[in-house]
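Only one structure is covered here, and it is reproduced in the block below.
In this note's numbering, the protein residues as written are 226 to 1036.
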């Protein structure tokens, strides 16, 4: 009988898969989705079984050494998705799988050794100056520990028979949490015992103990011991009598839902919601791939549509994945879905403990979950009967991962739905230019909800020109007179306010205080970055450099000013202006601890906070009916970010944060402070005109050759040795240019931009450079990467090269 063989993706920086033989001695079945330990070169590494694989070449194959996991971590339906991600995002397949699985599962094998009898004898006779004596002595004193020597040093001792090599595994892995429980074994005996205790004087404590099991049937031993000081004794007594039974069972660690923020429901649907839901229910029922974009203004009731579509999928036996861009929003929506769908809902994101993520994954693998909600990583939930994927706030840049495998969660969600014949719904009040163009072109079904529920009006938006600030204002004041007066009126009405300030830009903002224009690259239409420690401005797309001008290039006036802002400064200014107001701040600095963001939102919902200051965390889809005022402190911080998507992100964030106002009975008002008040993104946000913004932005992107009318690939080069890093980047740039010279035709034309120093030139003592590839066809870019594959994958020692397909952040 021929030996069974399987295809394995190893957790190593290699771009292929490998075939291994399954030895008959392994007791665990070699199923798809299981982790294995396999020999790989001189090492033992972790891998994942992808499929059966016949050994058609007849080559001598290496054997699997160990198999883990019951049940498997993923099913065969996920394998094509992992293979697509490895190919499209140019990343080793084993590392793709490793990066999307929950933390705490990694085996982390290492080489270890023990002395043989011959080695013990050699240790006694070798002279002290012999290098082998030191190695043998260490192994003899540390059997089974990780070897601190290279294979080149140890292998000669193995060949002499002095040392026997093995594979160890690091501890620290997460496992099931087991707890002791007590249950009823003899119901009739329990009832009789309870009756006896009821008649016996002084047995009230024991009667109460037995009553728990009469009422509930079982209880955790820890709970019993907390209720009764002699609980352990009582359990042992009644177990010996055969009335109760003690057992050990796994329990699932759960973070709990955010039901405190959940509005009442279900709500009556308006005609737009009914139309959208009817299409979704029909699509889910059909069981075929159907992508759709739900363009619904803020407050139009998208969440209610999500819940009802999920209910439909679950009723017909399908499962649902709901993706959100922020962890805090996951906690909020988890409460919504739990309230309506019950306990077969799991939350999954990086904010959970390793144990909570591990347990959620196990529950999914065991078929105990109908709906999974979470951030980007929840997309890979092991749900075998997938019927619906919802990507809420699909426009959000948080769906793009910027380390390890650099995938776009929204696009990968569409691909998973396509592979598993499911419906995928991309929802947003401000769709991405890419998704809206796909819908307009017929690649996605366009679904629209243009009005707020109950016909509530959208908030009135006012733009304050900060170039005309009052002479009485302090030079460093962050709040305009208009916003101060609006805040005062809001507090007097006992309403609430949200103030938004984006802090993402690390660079200074150079603005002409006379005309409001910022300094921009003449070739790329992105903001120029000011390098600290010098007076040089630089474009990090094409490499253009220039000094900080004395006068404005636009109007010629000597009015160039440098501005800087921060949420902490804003919080202090508010406390000074309104000492009796309850002010809270919500940003990444003060919400790192688990549960902090949810607690802040809970207090805001309960009106224990009057003014909430925050970054983009406060712009998401929360429903706070008492918020009547939203203020945007410095819209130009978004607008002047060095990125071709700056205008799109500005419009989206302004529209989203504005959507938090006026969601209750009182009308809402939005005040946007800006310098360049005539910019089309700000004007479109003021008019709630997404279609007008899209037309202008799409025309500009098309003219400049930016996505979605072209594709980008960013090659990042970094290392601690600046000279080696710069040299490697230069060689790669020259190599790409040589390759593209042979490509003919407009459709296949590729532009190589750079290498240039990254906007953040050094992080953790690593110098950073980047090359940008631009082309109309992704296939042509991928072909170029394949031809340059060896140079990209094998940089000089001490230099790392990363490939980012469809980059979102190029800092």
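Even glycine gets a Cβ: it sits at the ideal position worked out from N, Cα and C.
Secondary structure within the region 792 to 828: the beta strand (DSSP E) runs of 3 or more consecutive residues, fully enclosed, are 808 to 811 (chain order). Remark: C-beta atoms of residue 521 and residue 610 do not approach each other more closely than 8 angstroms. Around the C-beta of residue 354, fewer than 16 other C-beta atoms lie within 10 Å, and the residue is accordingly described as exposed. Between the C-alpha atoms of residue 794 and residue 677 there is a straight-line separation of about 35 angstroms. Approximately 6 angstroms separates the beta-carbon atoms of residue 994 and residue 951; this is inside 8 angstroms, confirming the contact.
The Cβ-Cβ distance between residue 322 and residue 340 does not fall below 8 angstroms. Burial is judged here by how many other beta carbons sit within 10 angstroms of a residue's own beta carbon; residue 980 has at least 16 and is buried. Excluding its 5 nearest sequence neighbours in each direction, residue 632 has C-beta neighbours in its own chain below 7 angstroms: 310, 314, 626, listed in chain order. Taking the Cα of residue 837 as reference, the smallest distance to any Cα among 865, 806, 820, 818 is reached at 806. Annotation: residue 545 to residue 673 spans about 22 angstroms, alpha carbon to alpha carbon. DSSP places residue 887 outside both helix and strand once states are collapsed to three, so it counts as coil. The region 892 to 911 and the region 864 to 880 touch, with no fewer than 3 CB-CB distances between them shorter than 8 angstroms. As a beta-bridge residue in DSSP terms, residue 899 pairs with 690.
Residue range 579 to 590 is occupied by the alpha helix (DSSP H) that includes residue 586. Contact annotation: the region 883 to 897 touches the region 515 to 532, with at least three C-beta pairs closer than 8 angstroms.
Sixteen is the threshold: when 16 or more other Cβ atoms of the shown chains lie within 10 Å of the Cβ of residue 434, as they do, the residue is buried.
Here residue 459 is buried, its C-beta having at least 16 other C-beta atoms within 10 Å. Looking at 277, 290, 233, 234, the one whose alpha-carbon comes closest to that of residue 248 is 290. Put simply, the region 591 to 598 does not touch the region 985 to 1004. Fewer than three CB pairs are less than 8 angstroms apart. Between residue 440 and the set 416, 447, 448, 428, the nearest pair of CA atoms involves 416. In the DSSP secondary-structure assignment, residue 443 is bridged to 408. Checking the DSSP bridge columns, you'll see residue 939 partnered with 997, 1029. For residue 341, the three-state secondary structure derived from DSSP is coil. Cβ-Cβ distances below 8 angstroms link residue 352 to 358 in the same chain, with the five nearest sequence neighbours on each side left out; the list follows chain order. Taking residue 564 as reference, the option from 533, 370, 1015 with the minimal CA-CA separation is 533. Following the DSSP letters along the chain, one finds residue 274 inside the beta strand (DSSP E) bounded by residues 268 to 277. Under the DSSP assignment, residue 653 falls in the beta strand (DSSP E) whose first and last residues are 648 to 653. Cβ contact annotation for residue 474 (same chain, cutoff 8 angstroms, sequence separation greater than five): 403, 404, 406, in chain order. The three-state secondary structure of residue 533, taken from DSSP, is helix.
Collapsing the DSSP output to three states places residue 518 in a strand. Per the C-alpha coordinates, the member of 569, 965, 552 positioned closest to residue 578 is 552.
Inter-segment contact for the region 711 to 731 and the region 913 to 931 is absent: fewer than three beta-carbon pairs are separated by less than 8 angstroms. Secondary structure at residue 617: strand, using DSSP grouped into helix, strand and coil. Take residue 464, set aside five residues on each side of it, and the residues of its chain with a beta-carbon closer than 7 angstroms to its own are 470, 471, in chain order. Residue 625 is bridged by DSSP to 633. Looking at the DSSP output, residue 574 sits in no beta bridge, so it has no partner there.
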